[in-house]
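Visitor:
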Amino acid sequence: MGELMALFAAVCFGVTHFVNGLAARRAPALTVSLFAQVGGTVVTVLAALVWTSAAASPAELCWGALSGAGTGVGVAFLYRAMSRGALSVVVPISDVGAVAIPVLVGFALLGERPGVMSAVGVALALPAIWLTSAEPAPPGQHRTTPAPALRDALIAGVGFAVQFLGMTRVPLAAGLWPVAASRVVSVVVIIALIAGSRPGLRVPGGWAITTAGAGALGSVAIVLYWVASHQQLVAIATVLSALYPAIPVVLALVVLRERIGRRQVAGLCGAAGAIALLALA
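Per our numbering, residue 20 is the first one in the sequence shown, and the count goes up by one each step.
#1: Helix, strand or coil for residue 36, going by three-state DSSP, please let me know.
#2: Under 8 Å, with one C-beta from each stretch per pair, do the stretch 222 to 238 and the stretch 37 to 46 reach the 3-pair mark?
#3: Do the stretch 116 to 130 and the stretch 211 to 224 make contact, defined as three or more Cβ pairs closer than 8 Å?
#4: Restricting to Cα atoms, I'd like to know which of 224, 114, 63, 255 is closest to residue 135.
#5: Leaving out five residues on either side along the sequence, give the residues of the same chain with a beta carbon under 6 Å from the beta carbon of residue 59.
#6: Can you give the Cα-Cα distance for residue 30 and residue 117, rounded to whole angstroms?
#7: Check residue 56 in the structure and name its three-state DSSP category.
#8: With a cut-off of 8 Å, do at least 3 Cβ pairs link the stretch 258 to 274 to the stretch 204 to 214?
#9: Please list, in chain order, all residues of the same chain as residue 263 whose beta carbon is under 6 Å from its beta carbon, the five residues on each side excluded.
#10: When you compare the CB positions of residue 50 and residue 206, do they come within less than 8 Å of one another, or not?
#11: Within 10 angstroms of the Cβ of residue 241, are there 16 or more other Cβ atoms? Answer buried if so, exposed if not.
#12: Would residue 213 pass as an interface residue toward chain D - the criterion being a Cβ-Cβ separation below 8 Å?
#13: Check for me: the alpha helix (DSSP H) holding residue 197 runs from which residue to which?
#14: Hey, could you find the ends of the alpha helix (DSSP H) residue 167 is sitting in?
#15: Figure out for me which residue from 102, 150, 244, 147 has the closest Cα to the Cα of residue 45.
#16: I'd like the list of long-range same chain contacts for residue 292, defined as Cβ closer than 6 Å, with 5 residues on each side in sequence excluded.
#17: Please determine if the stretch 178 to 198 and the stretch 74 to 94 are in contact, where contact requires at least 3 C-beta pairs separated by less than 8 Å.
#18: Evaluate residue 20 with the Cβ neighbour count: other Cβ atoms within 10 Å of its Cβ, from every protein chain shown; 16 or more gives buried, anything less gives exposed.
#19: Cutting at 6 Å between CB atoms, please list the residues of its own chain near residue 170, excluding the five before and the five after it.
#20: Suppose contacts are defined by Cβ-Cβ distances below 8 Å. Is residue 172 in contact with residue 109 by that definition?
#21: Buried or exposed: where does residue 47 fall if 16 or more other Cβ atoms within 10 Å of its Cβ makes it buried?
#22: Here's the rule I'm using: 16 or more other beta-carbon atoms within 10 Å means buried, otherwise exposed. How should residue 69 be labelled?
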């Protein structure tokens with residue numbers, strides 16, 4: 020069940036970033052991230068009011084807040100990196116960082132020791148993430164990614180790693196208030212980043228509502244990951260949840276009628292193989 024929830028989390032993360040990636044082409048990236056996190060915050064606070072009866076401890080709320088700080092940094096810097104550089108570079112850099120750090124923490128600090136099949140699945144998933152995110156350059160052209168975009172992608176990866184690790188420290192018995200706290204803190208972090216750069220705060224047309232809805236789906240994703248991390252090893256739950264780059268590729272193929280390259284096909288096959296190994300393990 021934990022593996023299935025982690026995969027559903029990957030689907031939700033993928034749809035969220037696909038929609039907000041399109042929105043970031045029409046409005047400042049920080050503004051898009053703010054609208055998304057506000058939408059996610061509203062949903063989680065309402066859910067906590069309806070479905071949570073027990074009060075979370077201060078320590079549990081602090082872990083949720085730490086996770087939210089990572090979310091705010093990760094989302095803001097990922098969308099800014101996507102607006103500055105090639106998707107084929109910035110997405111896998113941020114995603115591999117988000118995966119590698121929790122896997123290393125699970126192994127070195129939490130004492131997790133995955134079995135042989137699980138270890139092979141994790142090892143197969145990392146290059147699959149990279150390949151799936153590949154965006155082939157047009158014939159005769161060479162894609163370059165500026166240093167600021169690479170820097171933003173690296174910072175985003177660390178932020179998402181903190182997001183994942185913070186949520187794993189919140190017990191399921193704490194209810195949804197730590198998750199709501201994480202969403203509130205993510206909004207505060209993004210507002211602080213906006214105050215420093217002062218982008219425009221307008222999102223054109225119906226994209227404001229669409230972005231907020233995508234942010235709500237992102238909150239569903241983090242809840243699914245949170246539950247999965249308590250039913251499976253942190254390393255495995257993180258790797259499965261971080262397979263989300265496959266979702267924008269599939270959506271671009273179906274919705275936008277884009278063509279995919281050989282590297283993306285190889286990445287999708289690798290992701291399928293990793294999922295099969297982790298599920299069988």
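From the three backbone atoms N, C-alpha and C, an ideal C-beta is built for every residue, glycine too.
Guide: If we stick to the structure as given:
#1: The count along the sequence shown starts at 1 and reaches residue 36 at position 17. In this structure, residue 36 counts as helix in the three-state DSSP scheme.
#2: yes
#3: no
#4: Along the sequence shown, one-based indexing puts residue 135 at 116. Here the closest residue by C-alpha is 255.
#5: In the sequence shown, counting from the first residue as 1, residue 59 sits at position 40. Result list for residue 59: 202, 234, 235, 237, 238, in chain order.
#6: Here residue 30 refers to the residue found at position 11 when the sequence shown is read from its first residue. Here residue 117 refers to the residue found at position 98 when the sequence shown is read from its first residue. Near 16 Å, if we compare the C-alpha coordinates of residue 117 and residue 30.
#7: Here residue 56 is taken as the residue at index 37 of the sequence shown, counted from 1. Note: residue 56 maps to helix in three-state DSSP.
#8: no
#9: In the sequence shown, counting from the first residue as 1, residue 263 sits at position 244. Result list for residue 263: 29, 32, 33, in chain order.
#10: Position 31 of the sequence shown, counted from the start, is the residue given in the question as residue 50. Position 187 of the sequence shown, counted from the start, is the residue given in the question as residue 206. Contact: no.
#11: Counting from 1 along the sequence shown, the entry for residue 241 is found at position 222. With 16 or more Cβ atoms within 10 Å of its Cβ, residue 241 is classed as buried.
#12: Within the model displayed, chain D is absent; a lone protein chain is all it includes.
#13: Position 178 of the sequence shown, counting from 1, holds the residue named residue 197. That run of the alpha helix (DSSP H) goes 196 to 216.
#14: Locating residue 167 in the sequence shown gives position 148, counting from the first residue. Following the DSSP letters along the chain, one finds residue 167 inside the alpha helix (DSSP H) bounded by residues 166 to 187.
#15: The residue you call residue 45 lines up with position 26 of the sequence shown. Here the closest residue by C-alpha is 102.
#16: For the purposes of this step, residue 292 is identified with residue 273 of the sequence shown, where counting begins at 1. Only 143 meet the Cβ criterion.
#17: yes
#18: The residue given as residue 20 occupies position 1 in the sequence shown. Flag for residue 20 reads exposed.
#19: Start at 1 with the first residue of the sequence shown, and residue 170 comes out as number 151. Excluding residues within five positions, none has a Cβ falling inside 6 Å.
#20: On the sequence shown, position 153 is the one that residue 172 refers to. On the sequence shown, position 90 is the one that residue 109 refers to. Yes, they are a contact pair.
#21: As a first step, residue 47 must be located in the sequence shown, where it is residue number 28. When all chains shown are included, residue 47 counts as buried.
#22: Position 50 of the sequence shown, counting from 1, holds the residue named residue 69. So residue 69 ends up on the exposed side.
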